[in-house]
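Colleague: For reference, the structure I am asking about is given below.
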Amino acid sequence: RGTKSNTTPQGSYLEALNPLTVTLGVQNVSFVAQAADWIPEMLYQIIRAAFHHDGLSFIRIVQRCPEWMPDNFEPWLHDPSRVQLLHHPSSLGISPGLAQIYPNRLEHDPTNIHRAREIASELDPIPVGILYHNPSVPRYEETVRSEASHSTSAVRRLLEEEFDKFAVSSAGATGGEL
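For the sequence shown, this note's numbering gives the first residue as 6, with consecutive numbering after it.
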């Protein structure tokens with residue numbers, strides 16, 4: 006609120022939209038995380054985890070903009086205690102080097118969406134890590150198509166129907182000619 010930019014020269018009137026809390030309200034989201042560009046080790050781990058996740062993934066990357074807002078995240082960049090690393094045995098690992106630099110850590114179970122929403126609402130310290138991860142949430146493809154359409158017999162039947170459209174028939178041929 007009050008941030009001046011090209012589109013709001015007198016300053017913004019409303020609080021900024023929090024993409025984490027909004028995304029955690031989406032019905033079929035199954036992976037939500039936040040990373041910071043100045044912690045490349047965690048950024049890499051989070052992007053890798055989202056890439057390997059089978060479902061709707063969302064990563065908010067807190068990124069500095071040297072052109073328009075060069076000092077926007079300076080307090081968090083220079084004070085590691087203002088960054089809170091989320092960890093859990095089934096989630097991302099924190100290397101000893103990161104643990105030494107960022108002492109502010111929170112044990113968080115990423116399957117708990119209610120706690121993820123609470124953490125996402127916090128602005129200081131900035132949470133970095135996987136907020137929510139639930140691989141059992143059905144994907145769009147699973148809800149649109151029934152399981153029967155993925156069975157081997159159904160796939161074979163559909164392929165046979167397509168091949169029959171282009172099959173050469175011997176009907177009307179004489180003497181073994183096609």
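C-beta atoms are modelled at their ideal positions from N, C-alpha and C, and glycine is treated no differently.
These figures come from a predicted structure and were not determined experimentally.
#1: Tell me where the beta strand (DSSP E) around Leu29 begins and ends.
#2: Report back the beta-carbon spacing between Ala55 and Phe36 to the nearest angstrom; my notes put them in contact at under 8 Å.
#3: Am I right that Ala125 and Asn23 are in contact with their C-beta atoms under 8 Å? What's the rounded C-beta distance?
#4: Count the CB pairs spanning the segment 96-107 and the segment 122-138 that are closer than 8 Å, and state whether there are at least three.
#5: Give every residue of the same chain whose Cβ lies closer than 6 Å to the Cβ of Tyr107, excluding the five residues on either side of it in the sequence, and list them in chain order.
#6: Please state whether DSSP places Gly102 in a helix, a strand or coil.
#7: Are Thr28 and Phe63 close, meaning C-beta to C-beta below 8 Å?
#8: Report the rounded CA-to-CA distance for Ala172 versus Glu166, giving the unit in angstroms.
#9: Reducing DSSP to helix, strand and coil, say where Pro80 ends up.
#10: Rounded to the nearest angstrom, how far is the Cβ of Ser17 from that of Gly30, given a contact under 8 Å?
#11: Considering Cα atoms alone, identify which of Asn33, Pro14, Gln15 is closest to Ser141.
#12: According to the neighbour-count rule (16 or more other Cβ atoms, all chains shown, within 10 Å of its Cβ), is Val149 buried or exposed?
#13: Tell me the DSSP bridge mates of His138?
#14: Just to confirm before moving on: does the CB-CB distance between Asn109 and Pro130 stay below 8 Å?
#15: Report, in whole angstroms, the separation of the C-beta atoms of Gln39 and Arg65, which I expect to be a contact under 8 Å.
#16: Could you please give the first and the last residue of the uninterrupted alpha helix (DSSP H) stretch that includes Leu163?
#17: Consult DSSP for Ser126 and reduce its assignment to one of helix, strand or coil.
Modeller: In this structure, then:
#1: Segment: none, Leu29 is in no beta strand (DSSP E) and carries neither H nor E.
#2: 6 Å
#3: 7 Å
#4: yes
#5: Pro85, Val88, Leu90
#6: helix
#7: yes
#8: 10 Å
#9: helix
#10: Going by Cβ atoms, the distance from Ser17 to Gly30 rounds to 22 Å, so no, they are not a contact pair.
#11: Asn33
#12: exposed
#13: Phe36
#14: yes
#15: 5 Å
#16: 157-170
#17: helix
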